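Only one structure is covered here, and it is reproduced in the block below.
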Amino acid sequence: MEHDVKARLGSALHAGEAEDAAEATRALLEAGESVDTILAVLRHTMDEVGEKYRIGEYFIPELVLSGKAAEAAINILLPHLTSAGDRFLGTVVLGTVAGDIHDLGKTIVFTMLSAAGFRVYDLGADVPAVRFVEKTKEVNASIVGASALMSTTVNRMRDITAAFEQAGMRKDVKIMVGGAAVTPEFARMIGADGYGKDAHEAVVLAKSLVR
Amino acid sequence: MPVEYFNPVPHLSGYARFEDLLSKPDKVEIDDLCAKVRQLWTSEPLTPIQRIMGAMMGQDIDRVPCVISKPEFLGMKKLGVDYVRKYADPVAAVKVALVSILECKTDSGCEYLPIDMNLSDVFGTKWEFLPHTLPKVTEWAVKRGFEDILENPLPDPRQSQALKWQIETARFLNERLGDLSPFATVFALGPYYTYNACLRGPVDGFRDIKRHPDLAVEAFDKLCTFIVDLLRYLMEAYNSPAWMLIESLASPSFTSPAWFERYCAPYNKRILQELAPAPGTISGGGQGQTDFTPLLQTYADMGYGAFSFGPPTDLRKMKAISDEKGTFIFHWAMPAPLLAYGTPEQIEEQVRETLRIGAPGKRYVLSTDLPDDETPLANLLAVRDACLKYGRYPLQFADAGA
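Going down the list, the protein sequences come from chains C and L.
In this text, residue positions in the first sequence follow this note's numbering: the first is 1, and each later residue adds one.
In this text, residue positions in the second sequence follow this note's numbering: the first is 1001, and each later residue adds one.
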């Protein structure tokens, strides 16, 4: 029975069906399944989704919908996770830079990082640099992720690295950047600690940054 | 449900024509700016519009056209006009456009977009949603599903006040600049992009398509009717000979070949057929790292007469197709980070290398990506200087064919 529900959760994640994923998660908790086991299913399945994206079997729509399904499952788990900070690989503060309202890519990264085992705080879109600093202080995050889709806003990423310098926190956080308008050269140019070209790379990068 | 026409410029409702908004000093100032633009644009053997149309039509031209995309921030800084005023005040927008042209000496015009192009012009965004930055202006909060599209009449672009003032401003500039008119191309978003980016947003949009593939096909078909009507209307209103269809989300980076075949290609083809034989039809790409290389041949086979893509889409492949089929290339060649942070020397080198590949054959326009507001003017001028240095026909590259 539990095996069936786990399979149902996996299928819902692959199909990108958020309601089914939430329902399966609820059923597993009610059946007494441990949070760790459910998280393992989530991470394993999202790894599969990421791999299918990497090899070109899935595309952005599949990634987006699976991410939203994972988010729905995590939301069910969240009350059970709050007292278990040590279960997280690290804490990430994430947002789209000031002036940019595109949050598709950032939302995918949010869900993929969450599914991969990070505690992620999503500041949303159009986030001023100072807000990244404030939130990082508040939640003691070790990673900051900034996204920009518009070529007209990509340069706001430099404001973020500068804001952390100014706050005297630059050495305490790793800053990773990504989004359609960002390139690896640009990431180096602004002194970011890493660049992820997509959500899959962002997860790999975040894991490497907390090692 | 009746169509709700959103009016982002209610304070203009008492006016009919652009000229009605002009004070005497405004008129003098704009006349002076137009004279200066005229001087700039007649200082070479061909005017910019002759050059761009020449490249589009494969005619003999003096040099590669050099377009600085959306340089309006230059005029805004110089005149102290912020985004809200620029979008709410067509007179300020025209001054900004003319000053921007003069600042960066671009071979193109600047646009006045009160809100955003296409459907969002018509359905509209909440005016209070407008913040003080351009990207927010282009966001559209309205969410409409397949049922809304299929069960309700689509809006008439002629009823849009935002579009009216956009067109009225272009009409005024067209008349003032006469045969120098910079409006060569009008834009529309394709049905797939319209639905997923504007109407529903990608998450809901993708889910809708996955759950209701048959409704998607019907809804996109209906949106096609709107887009064809809009493009016809814009071409007539702008007196523009060419049109461009932007399908950013239909790039191979975002959309599977199967979805492209089902939800994008048929509508692109239909729009092409219905608008034929308008010359210079351009398939639009996306900003940033959207790679359309795997679709270039498909676009050419569909009948597009032009490409409008930038890196990382492979310029060599675009050029190979251009050489074979005469496809015109509007190349978003200069990435925004390079424009903002590069040196004039780096920019010159990038222009030189790009022209070496793209310019032979003359069916090529070099454009920048959309520059950030803090891009140094010196770097934009470096693009133009390098284009003038290396882009004169006959090209002086050792391996250049023409």
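Even glycine gets a Cβ: it sits at the ideal position worked out from N, Cα and C.
Just so you know, these numbers come straight off a predicted model, no measurement behind them.
- Per DSSP, Leu89/C lies in no alpha helix (DSSP H) and is assigned neither H nor E.
- Listed along chain C is no residue with a C-beta nearer than 9 Å to that of Lys1086/L; the closest approach is about 14 Å.
- The DSSP-derived three-state label of Val1009/L is coil.
- Rounded to whole angstroms, the gap between the alpha carbons of Leu65/C and Tyr1299/L is 28 Å.
- Per DSSP, reduced to three states, the secondary structure at Ile143/C is strand.
- Taking 3 residues as the minimum length, the beta strand (DSSP E) runs contained wholly in the stretch 1211 to 1299 of chain L are 1242 to 1246, 1282 to 1284, in order along the chain.
- Contact annotation: in the stretch 53 to 77 of chain C, residues whose CB is within less than 7 Å of a CB in chain L are Phe59, Ile60, Pro61, Val64, Leu65, Lys68.
- Per DSSP, reduced to three states, the secondary structure at Val1067/L is strand.
- In this structure, the alpha-carbon of Ile1030/L lies about 57 Å from that of Val49/C.
- Within the same chain, and ignoring the five residues on either side of Ala69/C in sequence, the residues whose Cβ sits closer than 7 Å to its Cβ are Ala12, Leu13, Gly16, Glu17, Ala18, Ala21.
- Ranked by Cα distance from Gly1109/L, the first of Phe1146/L, Pro1071/L, Gly1080/L is Pro1071/L.
- Among the residues of the stretch 1206 to 1234 of chain L, those with a Cβ less than 8 Å away from any Cβ of chain C are Phe1206, Arg1207, Ile1209, Lys1210, in the order of the chain.
- Distances from the CA of Ala1216/L to each of Asn1174/L, Tyr1263/L, Gln1039/L were compared; the closest alpha carbon is that of Tyr1263/L.
- Put simply, the CB of Glu1374/L is near chain C, with a gap under 8 Å to one of its CB atoms.
- In this structure, the straight-line span from the alpha carbon of Asp1082/L to that of Val1091/L is close to 13 Å.
- Shortest Cα-Cα distance from Arg170/C to any of Val35/C, Val130/C, Leu205/C, Pro184/C involves Val130/C.
- DSSP places Ile175/C in the strand class (E or B) of the three-state scheme.
- When secondary structure is reduced to three states using DSSP, Ile76/C falls in the helix class.
- In this structure, Ala116/C is the residue among Ala116/C, Ala206/C, Gly99/C, Arg158/C with its C-alpha nearest to the C-alpha of Glu71/C.
- Cβ-Cβ distances below 6 Å link Phe1226/L to Leu1154 in the same chain, with the five nearest sequence neighbours on each side left out; the list follows chain order.
- DSSP, read as helix, strand or coil, puts Ala1188/L in strand.
- Contact of Tyr1193/L with chain C is not assigned, every C-beta pair being separated by 8 Å or more.
- Spanning the alpha carbons of Lys1362/L and Leu1296/L requires a straight line of approximately 19 Å.
- Taken through DSSP and simplified to helix, strand or coil, Tyr1087/L comes out as helix.
- For Leu205/C, the uninterrupted alpha helix (DSSP H) segment begins and ends at 199 to 209.
- Assignment of Ser1367/L by DSSP, reduced to helix, strand and coil, places it in the strand class.
- The bridge partners DSSP lists for Tyr121/C are Val93/C.
- With 16 or more other CB atoms across the displayed protein chains lying within 10 angstroms of its CB, Ser147/C is buried.
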